[in-house]
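Reviewing the structure listed below.
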Amino acid sequence: MVERMVSLSVGIMLSTSFLHALPEAFESRADTRSLFALLLGSLLGFFLLEKFAILRHSHHHEGDGHHHSHGHDAHQAGKSGWMILVGDGMHNFTDGILIAAAFLANPQLGIVTGLAIIAHEIPQEIGDFIVLLNAGFTRRRAYMYNLLSSLMAVIGGVLGYYTLENASNLIPYVLVVASSGFIYIAVSDLMPQMQRRATLRETIPQILLIGLGIVLVLYLTAGH
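Heads up: the sequence shown at position 203 corresponds to 219 in the working numbering, and the numbers run straight through without jumps.
Structural data, given as structure tokens:
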């Protein structure tokens, strides 16, 4: 199920970025060169965030097929359990702002942006939950902390909506940052995961699910 969600996420995130969010930003009155510079800077910024283990975390766990000594993953997860929660909370807060900006730019864009974030968050939250369990959290505590982290998206959405509503000139720039995040995650994280399953039997469902994600975004924004 998680593998299927990864493929669907790629289609939704890339089509949302290239077919809607970026065109919406570049059709605005914002300076085109500034938007391209921000796109480049954001991609490099996400690369640096990943380097500092804020954007993405290792989601492997005991028995996942990686050849580590017994207890290795639990030890590593124990060090990073709280960091994962902090990083995920920051990430969710930012997601809320991005969704608010997309809704202010165009309601249909807001819907597909939210869909893109949800499609990516499902497998990520499952991975975070597993890492927290390996870090020594009980199932109840892991669930509650993950829920609290997810609620940061609501806070970010509310603050983002009321802030950007009075600063609409910033919306194109926020859309570019959102798009760069989607593109970076899809290309550097999700697609390499899909490449590990290289047989024709595994590749065909991946292609179909990517196509389904694209068609879904096109359908939801057909009137735009």
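Beta carbons: idealized from backbone N, C-alpha and C, even for Gly.
What whole-angstrom Cβ distance do A117 and V190 have, given they're in contact under 8 Å? About 4 Å separates the two Cβ atoms, so the contact holds.
Can you grab the Cα-Cα spacing for the pair Q211 / G61, in whole Å? So the alpha carbons of these two residues sit roughly 25 Å apart.
Just verifying my parser: in three-state terms, what is the DSSP assignment at G105? DSSP, reduced to helix, strand and coil, places G105 within a helical segment of the structure shown.
With distance defined between alpha-carbon atoms, name the residue in P123, R20, T110, A158 nearest to A37. Comparing Cα-Cα distances from A37 to each of P123, R20, T110, A158, the minimum goes to P123.
Under the three-state DSSP convention, the category A151 falls into: The three-state secondary structure of A151, taken from DSSP, is coil.
Alpha carbon to alpha carbon, how far is F145 from L65? Give it in angstroms, no decimals. Rounded to whole angstroms, L65 to F145 spans 21 Å at the Cα level.
So, under 8 Å CB-CB, V7 and P208 are touching, yes? Tell me the CB distance rounded to an integer number of Å. Within the shown structure, residues of the chain are numbered from 17 to 240, placing residue 7 beyond reach of any answer.
Alpha helix (DSSP H) containing I223: first to last residue? It spans 216-236 - the alpha helix (DSSP H) in which I223 sits, taken as one unbroken run.
Given Y178 as reference, the closest of N108, A53, S50, L114 once Cα atoms are compared: Distances from the CA of Y178 to each of N108, A53, S50, L114 were compared; the closest alpha carbon is that of L114.
In this structure, does DSSP put A183 in helix, strand or coil? In the structure shown, A183 falls within a coil segment according to DSSP collapsed to helix, strand and coil.
For V174, which option in L234, V26, F109, L232 has the closest C-alpha, if you only look at C-alpha atoms? Ranked by how close their Cα comes to the Cα of V174, the residues L234, V26, F109, L232 have F109 in first place.
V170 beta carbon less than 7 Å from that of L54: Against a cut-off of 7 Å, the Cβ pair of V170 and L54 comes out as no contact.
Taking the alpha-carbon of S166 as reference, which of G112, L35, L216 has the nearest alpha-carbon? The shortest C-alpha separation from S166 is found at G112.
Beta-carbon contacts of R45 that lie in its chain and below 6 Å, excluding the five residues immediately before and after: Nothing meets the Cβ criterion.
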